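Residue numbers 41 to 387, in the working numbering, belong to the letters of the sequence shown in order. Structure first, commentary second.
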Amino acid sequence: MRIAIIFHKDPFAPPTGIDLVRLRAISFGFLEHGLRTEIIAPILRPTTLDGKVPVYGLDRLGNSAPYDIVKTCYHDSIRLVPSGTGNIVSRIVRVVDHNLPRRDERFRANLLECQELILRKAHTVIFNNEENRSRWLRMYGGSVQTALVPTGCPSAIPPPGKCPYGTDKKILLFLGSVASPRMLIMLNELARSMTEIAEIHLVGLNKSLMYGDGTDSELDPLIVTHGAKPEIETWDYIYHADLGLALATGPHSFDNDISKIYSYLRGGLPTLSEEPILNNELVVSLGYGDVFAYGDMEALVSRCKAILKNPPLKRRDQVMRFMVKEHSWDERVGRYINLFKKIVANK
């Protein structure tokens with residue numbers, strides 16, 4: 041089976057975000073299962089990603105033999121696929137309508153156009169969760185097949201290395217982007233409330249200005265920022281932290297599929313998560329942290345203190361094994377391959 045993965049950004053950028061982590065995990069997994077996999081991206085000359093997956097420019101789609109499956113990764117990837125290009129499988133993180141989510145206002149017209157293109161071109165649309173699949177079906181009906189393939193985590197991670205923090209205080213880790221103004225406001229208030237016993241460390245970027253009006257865009261100096269790190273480097277930040285923080289981007293569950301929770305739990309880090317984050321079911325079912333009500337700062341502070349005082353570390357190994365078994369990238373690759381086989385067999 042021959043697979044083309046269409047990626048609309050630079051595939052060679054350091055894998056600091058889930059988009060590039062996922063690209064590597066899925067494409068490498070396809071190769072390991074014997075699928076002839078290529079990445080198609082806006083590059084000038086052919087090369088390989090990490091010496092493993094061939095990467096070609098956009099003209100490859102028009103000049104090569106047909107692919108069995110053409111997989112797009114995000115909304116904008118569909119713009120790179122000519123009409124009539126094989127069996128297109130398009131993945132969408134969140135489905136945008138004419139009002140929600142509010143933080144996408146400046147991008148809304150483009151995202152809606154991409155969804156219309158996907159509706160016209162795609163054989164199957166992939167979603168991380170049932171909430172976004174339901175939104176799609178309400179908006180567009182069932183003329184296009186849909187399927188679920190959530191975000192995952194690695195089966196193998198490096199052993200613990202040197203502690204990167206340099207403080208005697210407890211560590212509250214926020215991994216990934218600060219992706220809405222409300223996140224930033226809550227982190228700032230939490231940092232001021234916990235200053236006597238804990239520090240917040242951000243391993244990621246502050247992108248709140250991208251989604252807000254600019255009035256609340258600065259992190260409190262109490263928050264220690266490390267910048268975005270390649271995934272391989274993030275595990276020591278997870279190993280040596282005391283609590284992982286997951287905050288909602290806004291009040292709607294479809295806009296809150298938070299990939300960092302998979303990383304926290306895979307690395308054995310107790311997690312405190314806000315409603316209505318969809319991945320909260322994992323935290324609760326594993327008994328490895330807690331969930332607090334949306335926007336409840338008092339509960340956020342009190343539950344941070346409670347977990348720091350009495351962490352559920354006896355369950356750590358069990359939690360890490362569960363994440364490998366049920367939520368690894370290997371499991372996600374298997375879902376894709378089963379789907380691809382069905383699509384090709386039915387053509």
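No residue lacks a Cβ here, since even glycine has one placed at the ideal position from N, Cα and C. Note that this is a predicted model, so its numbers are computed, not measured.
According to DSSP, residues forming a beta bridge with LEU283: According to the DSSP secondary-structure assignment, LEU283 is paired through a beta bridge with LEU212.
Does the Cβ of MET337 have 16 or more other Cβ atoms within 10 Å, making it buried, or fewer, making it exposed? Looking at its Cβ environment, which holds fewer than 16 other Cβ atoms inside 10 Å, MET337 is exposed.
Contacts around LEU249, its chain only, beta-carbon distance under 8 Å, and the 5 residues preceding and following it disregarded: So the list reads SER257, once near-sequence residues are dropped.
Where does HIS115 sit, in a helix, a strand or coil, going by DSSP? Correct three-state label for HIS115: helix.
Any idea if ALA149 is buried or exposed, counting beta-carbon neighbours within 10 angstroms, 16 or more meaning buried? Burial state of ALA149 is exposed, judged by a 10 Å Cβ sphere holding fewer than 16 other Cβ atoms.
Once DSSP output is grouped into helix, strand and coil, what is the label at PHE332? Collapsing the DSSP output to three states places PHE332 in a strand.
Whose CA, out of ARG173, PHE47, HIS241, lies closest to the CA of VAL218? The shortest CA-to-CA distance from VAL218 to any of ARG173, PHE47, HIS241 is the one to HIS241.
C-alpha distance - THR207 paired with ILE298, whole-angstrom precision: THR207 and ILE298: Cα-Cα distance of roughly 28 Å.
Assign CYS193 to one of three DSSP states: helix, strand, or coil. Here CYS193 sits in strand by DSSP.
Does the segment 232-246 come into contact with the segment 304-318, if we say contact requires no fewer than three beta-carbon pairs (one atom in each stretch) closer than 8 Å? In this structure the segment 232-246 does not touch the segment 304-318; the number of beta carbon pairs closer than 8 Å is below three.
Span separating the alpha-carbon of VAL95 from that of SER67: Rounded to whole angstroms, VAL95 and SER67 show a C-alpha spacing of 11 Å.
Given this structure, state the Cα-to-Cα distance separating TYR277 from ALA286, to the nearest angstrom. Approximately 15 Å between the Cα atoms of the pair.
Alpha carbon of ALA400 to alpha carbon of THR125, nearest angstrom: Since the first residue shown for the chain is 41 and the last is 387, residue 400 is missing from the structure and cannot be characterised.
Could you have a look at GLU258 and say whether DSSP puts it in helix, strand or coil? In this structure, GLU258 counts as coil in the three-state DSSP scheme.
Own chain residues within Cβ distance below 8 Å of LEU157, not counting five before or after: So the qualifying residues of the chain are ILE118, ARG119.
PHE380 versus ASN168: straight-line alpha-carbon distance, rounded: Roughly 17 Å separates the two Cα atoms.
Helix, strand or coil for TYR277 per DSSP? It is helical.
Which residues does DSSP list as the beta-bridge partners of GLN185? According to DSSP, GLN185 bridges with THR164.
Just how far apart, CA to CA, sit PHE47 and ARG62? Cα to Cα, PHE47 sits roughly 11 Å from ARG62.
Ranges of the beta strand (DSSP E) found wholly within the segment 281-362, counting only runs of at least 3: The segment 281-362 contains, as complete beta strand (DSSP E) runs of 3+ residues, the segments 283-286, 311-314, 329-332 (chain order).
Reference VAL384, options ARG173, SER303, PRO106, LEU152, closest by Cα: Of the candidates ARG173, SER303, PRO106, LEU152, PRO106 places its Cα closest to the Cα of VAL384.
Could you compute how far the alpha carbon of GLU153 sits from the alpha carbon of PHE147? Whole-angstrom Cα-Cα distance: 10 Å.
Ordered along the chain, which non-local residues of its own chain (more than five positions away) have a Cβ less than 7 Å from that of THR87? So the qualifying residues of the chain are VAL95.
First through last residue of the beta strand (DSSP E) which encompasses ALA65: It is not in any beta strand (DSSP E) - ALA65 instead sits in the alpha helix (DSSP H) that spans 58-72.
Taking 9 Å as the threshold (C-beta atoms), are ALA238 and ILE263 in contact? With a cutoff of 9 Å on beta-carbon distance, ILE263 and ALA238 are scored as not near each other.
Can you tell me whether THR235 is buried or exposed, with buried defined as 16 or more other CB within 10 angstroms of its CB? THR235 comes out exposed.
Starting from LEU379 and walking both ways along the alpha helix (DSSP H), at which residues does that stretch end? Start and end: 369-385.
Taking just the CA atoms, how far does ILE225 sit from LEU188? CA-CA distance, LEU188 to ILE225, rounds to 33 Å.
Taking 9 Å as the cut-off, decide whether the C-beta atoms of ALA162 and SER195 are in contact. No, these two residues do not count as a Cβ contact at 9 Å.
Local Cβ density within 10 Å of SER220, reported as buried at 16 or more and exposed below that: The C-beta of SER220 has 16 or more other C-beta atoms within 10 Å across all chains shown, which makes the residue buried.
Determine the burial state of SER368: buried for a count of at least 16 other Cβ atoms within 10 Å of its Cβ, exposed for fewer. Result: buried.
Can the beta-carbon of TYR302 be found closer than 9 Å to that of PHE70? Cβ distance not < 9 Å, so TYR302 and PHE70 don't count as in contact.
On the CB-based measure, 16 or more other CB atoms within 10 Å of its CB, does ASP330 come out buried or exposed? By the 10 Å Cβ count, ASP330 comes out buried.
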